[in-house]
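Under the working numbering, the first residue of the sequence shown carries the number 513, and numbering increases by one thereafter. Even glycine gets a Cβ: it sits at the ideal position worked out from N, Cα and C.
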Amino acid sequence: MIRRFGQCFALATERTTYCFRVMKTGHLEHLYYGRRITVESDADMEALTEKHAFMPGNTNAYDQENIDFSLEDIRLEMSSYGKGDIREPFIEVIHGDGSATSDFLFEKAEIGTGKEAYRTLPGSYDENNGTEHLCVTLRDRQYELRLELHYYVYADCDVITRSARLVNESRETVRLERLMSLQLDFDTPEYIFTTFTGAWAREMRKTDTRVISGRHVNASYTGTSSSRANPFVMLSKADTSEDAGDCYGFNLIYSGNHYEAVEVSGYGKTRFVSGINPQSFSYPVGPGEDFEAPEAVMGYSCAGYNGMSRGMHRFVREHIVRGEWKDKLRPVLLNSWEAAYFDINERRLLQLAEAGREVGIELFVMDDGWFGNRDDDTRSLGDWEVNRGKLPDGLEGLARKVRELGMEFGIWVEPEMVNVKSRLYGTHPDWALQIPGRPHSEGRNQRILDLTRREVQDYIIEEMSKVFSTEGISYVKWDMNRTFTDYYSGALPPERQGEVAHRYVMGLYHCMRELTLRFPHILFEGCSAGGNRFDLGILCYFPQIWASDDTDALCRAEIQTGYSYGYPMSVVGAHVSACPNHQTLRTTPLETRFNVACFGVCGYECDLCDMDEEERDAVKEQIALYKRWRDVLQRGDFYRGRTFARGEGGVPGNITEWTCVSADRGRAVGFLMQKLVQPNTQSGYYMAKGLDPARRYHFYNRRTEDCRACGDTLMYGGVRLKQAFAGEGYNAQARYSPDFASRLYFMQAEDA
Ligand code: GLA
513 MIRRFGQCFA LATERTTYCF RVMKTGHLEH LYYGRRITVE SDADMEALTE KHAFMPGNTN
573 AYDQENIDFS LEDIRLEMSS YGKGDIREPF IEVIHGDGSA TSDFLFEKAE IGTGKEAYRT
633 LPGSYDENNG TEHLCVTLRD RQYELRLELH YYVYADCDVI TRSARLVNES RETVRLERLM
693 SLQLDFDTPE YIFTTFTGAW AREMRKTDTR VISGRHVNAS YTGTSSSRAN PFVMLSKADT
753 SEDAGDCYGF NLIYSGNHYE AVEVSGYGKT RFVSGINPQS FSYPVGPGED FEAPEAVMGY
813 SCAGYNGMSR GMHRFVREHI VRGEWKDKLR PVLLNSWEAA YFDINERRLL QLAEAGREVG
873 IELFVMDDGW FGNRDDDTRS LGDWEVNRGK LPDGLEGLAR KVRELGMEFG IWVEPEMVNV
933 KSRLYGTHPD WALQIPGRPH SEGRNQRILD LTRREVQDYI IEEMSKVFST EGISYVKWDM
993 NRTFTDYYSG ALPPERQGEV AHRYVMGLYH CMRELTLRFP HILFEGCSAG GNRFDLGILC
1053 YFPQIWASDD TDALCRAEIQ TGYSYGYPMS VVGAHVSACP NHQTLRTTPL ETRFNVACFG
1113 VCGYECDLCD MDEEERDAVK EQIALYKRWR DVLQRGDFYR GRTFARGEGG VPGNITEWTC
1173 VSADRGRAVG FLMQKLVQPN TQSGYYMAKG LDPARRYHFY NRRTEDCRAC GDTLMYGGVR
1233 LKQAFAGEGY NAQARYSPDF ASRLYFMQAE DA
C-alpha cells in the first residue's frame, strides 16, 4: 500500500513500513524503514522527523534562509554531491559548466499500479499487475535536470524495489559520474554489514563486519557481478539471529560492476548505498537523453535472517524468474564436464548417456569441447561449428541418439568470448575488447567480445540461434569464463571509454532477451566459471545458475548456505561429482554429495561408467528418491538451522542443518551434516522449521528414525536422533569415515 499524507509518503508491505517526507527546503527526509507501524496521517509521522537544530561549528548550513539546517546530519532519500552532505552521494553529475554540484528538490509525486519495464535493463515484473508504484520527481535547483525516484511495493514478499532515472532537459551534455539505485539512511551506528565474498570455487563466504565508523565497501570490478563480492548484502543488529531480530537484505538487478557501501558519518548516522560501481564509470547524457539506474531490491524482517530470506526467496521466484520454466520441475541432468573434460566424442558421450539412462537421468548435457578445434581451452571460442571428427553425425545426430535413449539433450556455449586462435578473431580482431597496440592481460587464453557493438550482438544472436535451433536441444548452459581487463572499445571515441562496462552489460541483456524470446522452450542455465555472475539480472532471463565449480560436498554446503540468504535454492545448480573431489581432493560420502546437491537443482557430473555396481545402485536410488521429493525440494520454503558458517554464539559450527517445506506445509525434507567426527559424542538432534505447529507429522529416514509428533514438537523440541553421525559403532567395512557424514529426514503430515 502506498499513501500520501500532505508532504509525507508511507509505503507498506504486509509486515514492513517505509516512510519519508518533503522538507520545507524541498529535500526528501527519510523517516523510517522497519517492522510495520501505524501511519494514518502525517501527524503519525511527526514523531519520526529530525528535530535537531544544527549548531554551526565548521559544518555548512544549507543556505542563507536555512541557517540552522545542514544536509550533513539529516537522513535523506537521496543525496546530491556538493551542497554540504559529505557522505556517500546518490548522484554525481558534471555539468556543462564544469561544476560537480547538484541540488535535487521535490517537484511532484505520482502513485499508480503495475510494473513498468525498463528500456535498457531487466527488472522485476508482476504478472497480476498488483504492484503499487510511486514515482517522485525531483528537479535540480540550478540546472535543467530531472531525477525520478521509483518505488515498487511487493506487499506479500515484504520487498520494496527502488530505481532512479536521470533525464537531461537542458541544452548541454552532462557527464554522469555516479547514479546509485538505492540510498537508505539510519539514525544509529549499530549495524553489522554482511557480505558474501570469495573467489573462484569458494563463492559466497559470509562475512560480518560491524561498521561503527568510516566506510566499508563491497564492490565488483570484474565486469561481472563477481564471485569476489556478490551484490546481495545484509544489514542487521548484533543480536540478530537466524529467527529473531532486525534484518535488512539488499540486492541489485544487475550483472556488471556494482557497489554497496555502508558509511557511518561524523554524527553517527549510518548510510547504505547500492548501485553501479562509480569506479571507471562516466556516462554522458545528452540533451533530451536519459539514463536508467538498475533496480535495487530491499527486504526487511524482524524475524531474523530466515525471515528476510523467505521474503527474498518468494520475490525471486515470483517476480524475477519468468518464462516457461518458472514453475516447471527441473530435470535431473548428467553433465559431461568432470567426466570427460575436453576429451569427448560421440561414442564416449553416448556411453555416458546410456549409463545415465540406467540410473534415471532425464537430461544429458554435453559441456565444452564440441566445436572447432576445441581440444583444450586455448582455441576455437567464437567458431560455433561442430567438430565432425568428434561428432560425425553433427549436433542433430547426437541429440537424436540421446533422445532415442529416452533423455533430453543439452549443450554448453560461451557466446561472449573469443580465443585469439580462432577464425572469428582472425577475421574481426577489432571485435574483442582491447586497447589498440597495447599488450593484453591473459585470462583462460581468451578475450571478451565487445558487446557494446551492435554487429557483435547480432553475430552472437545469429550464431547462437543456429546452434539452439538444432532439433532436439532443450537445455543450454551459457558460460562466461574470464574477468575484464584492458577495458577498451574500438567502437567508442577516447572520451567515451567510461561507458564500456555498462554498455557491455546492456549489450549482453539484449542478446539474452532476444535469444530467450526466440527459444522459449529451452531451459537456460547461467554460469560464469561457477558463480562469477550469479545475480538477479541473469535470473530475469535464465531460471537457474551454476553456483560454483566447487562440487566438494563440504564446500558446497557452505556455498549453498551462503546463496540461501538472498536466493531461493530453486535457482542454484548443484551436482554430485566423483571423489576424490577434483577441486579439493577430498573424499566425502556419496550419500552426502547427493544430500547437499538435492537441496539445489540437482544433477550429476561424474563418470557413471567408472562407478562400481554398488555406487551405481546407490545413485539410482538417490535419483528415485529425489523424484519423489523434488516438488518439495524445488518449490518449497527453505530454512537454515545451525550452519558451519555461523554456529552457536557466532563461532563456526560443526553442524549444518536445513529444512525445506512444501507450500501447504504437508511435506518437508530435513538435512543434517557434520564436518568432522567428534569422538564419544553419540547424541544428536534435528530441529525442524516452517512446519504447521498444529499438524501431526510422520518423521522418518531411510535407516533409523521413525516417530510421530506434532509440528510444534518437531520445531521447538526437536527430534533426539537414534543415530546421528559418529557413534555408529566401529565398522571396518565402511567405505568412508563418518567425517562429512550427513542424513536426510522426511516429514509427512498425517492428514496429507
Ligand atoms: C567453466 C564452467 C565449468 C565448465 C568449464 C568448461 O569453468 O564453470 O562448469 O563448463 O567452464 O570449459
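Do residue i and residue j have their C-beta atoms closer together than 9 Å?
i            : j            : result
residue 1168 : residue 1182 : no
residue 668  : residue 826  : yes
residue 1051 : residue 833  : yes
residue 1048 : residue 764  : yes
residue 767  : residue 1020 : yes
residue 1207 : residue 1178 : yes
residue 1232 : residue 1202 : no
residue 698  : residue 599  : no
residue 1080 : residue 824  : yes
residue 1116 : residue 844  : yes
residue 1186 : residue 1252 : yes
residue 860  : residue 917  : no
residue 1035 : residue 988  : yes
residue 946  : residue 994  : no
residue 719  : residue 709  : yes
residue 663  : residue 674  : yes
residue 528  : residue 548  : yes
residue 894  : residue 953  : no
Tell me which residues share the same chain as residue i and place their Cβ nearer than 6 Å to its Cβ, disregarding the 5 neighbours each side in the sequence.
i            : result
residue 1068 : 1108
residue 1244 : Note on residue 1244: pLDDT 46, under 50, position unreliable in the model; the coordinate value appears next. Result list for residue 1244: empty, nothing under 6 Å.
residue 661  : 648 and 676
residue 937  : 930
residue 1321 : For residue 1321 there is no data in the structure shown, the boundaries of the chain being 513 and 1264.
residue 616  : 592, 650, 652 and 659
residue 1028 : 1053
residue 522  : 515, 531 and 551
residue 1015 : 964
residue 785  : 600, 692, 695 and 773
residue 1188 : 1251
Under the assumption that residue i contacts residue j (Cβ atoms under 8 Å), give the Cβ distance between them as a whole number of angstroms.
i            : j            : result
residue 828  : residue 762  : At roughly 13 Å, the Cβ-Cβ gap does not stay under 8 Å, so residue 828 and residue 762 are not in contact.
residue 1072 : residue 1112 : 6 Å
residue 629  : residue 646  : The pair is not a contact, with the Cβ atoms about 17 Å apart (cut-off 8 Å).
residue 803  : residue 688  : 6 Å
residue 608  : residue 729  : Going by Cβ atoms, the distance from residue 608 to residue 729 rounds to 31 Å, so no, they are not a contact pair.
residue 562  : residue 587  : 7 Å
residue 1000 : residue 1013 : That belief does not hold up - the Cβ atoms of residue 1000 and residue 1013 are roughly 11 Å apart, past 8 Å.
residue 1070 : residue 1156 : 5 Å
residue 612  : residue 635  : With 8 Å as the limit, residue 612 and residue 635 do not qualify as a contact, their Cβ atoms being about 29 Å apart.
residue 910  : residue 975  : With a Cβ gap of about 19 Å, residue 910 and residue 975 do not count as contacting.
Using the beta-carbon count (16 or more within 10 Å), is residue i buried or exposed?
i            : result
residue 1097 : exposed
residue 1136 : exposed
residue 815  : buried
residue 991  : buried
residue 1140 : exposed
residue 641  : exposed
residue 736  : buried
residue 1241 : Its pLDDT being 43, under 50, residue 1241 is placed unreliably by the model, and nothing is read from it.
residue 579  : exposed
residue 758  : buried
residue 1174 : buried
residue 654  : exposed
residue 798  : exposed
residue 905  : exposed
residue 1086 : buried
Apart from the five residues just before and just after residue i, which ones in its own chain have a Cβ nearer than 7 Å to its Cβ?
i            : result
residue 713  : 1042, 1060, 1061, 1062 and 1095
residue 1198 : 1169, 1182, 1184, 1230, 1231, 1233 and 1257
residue 1091 : 1099 and 1100
residue 1003 : 962, 964 and 965
Counting only the same chain and skipping the five closest in sequence on each side, list residues whose C-beta sits under 8 Å from that of residue i.
i            : result
residue 564  : 585
residue 864  : 846, 848, 851, 852, 876, 1119, 1120 and 1121
residue 573  : 566, 579, 580, 581, 582 and 596
residue 1247 : For residue 1247, the pLDDT reaches just 49, beneath the cut-off of 50, and the residue's location in the model is therefore unreliable, although a value from the coordinates is still provided. For residue 1247, where only same-chain residues beyond five positions count, the Cβ hits under 8 Å are 1101.
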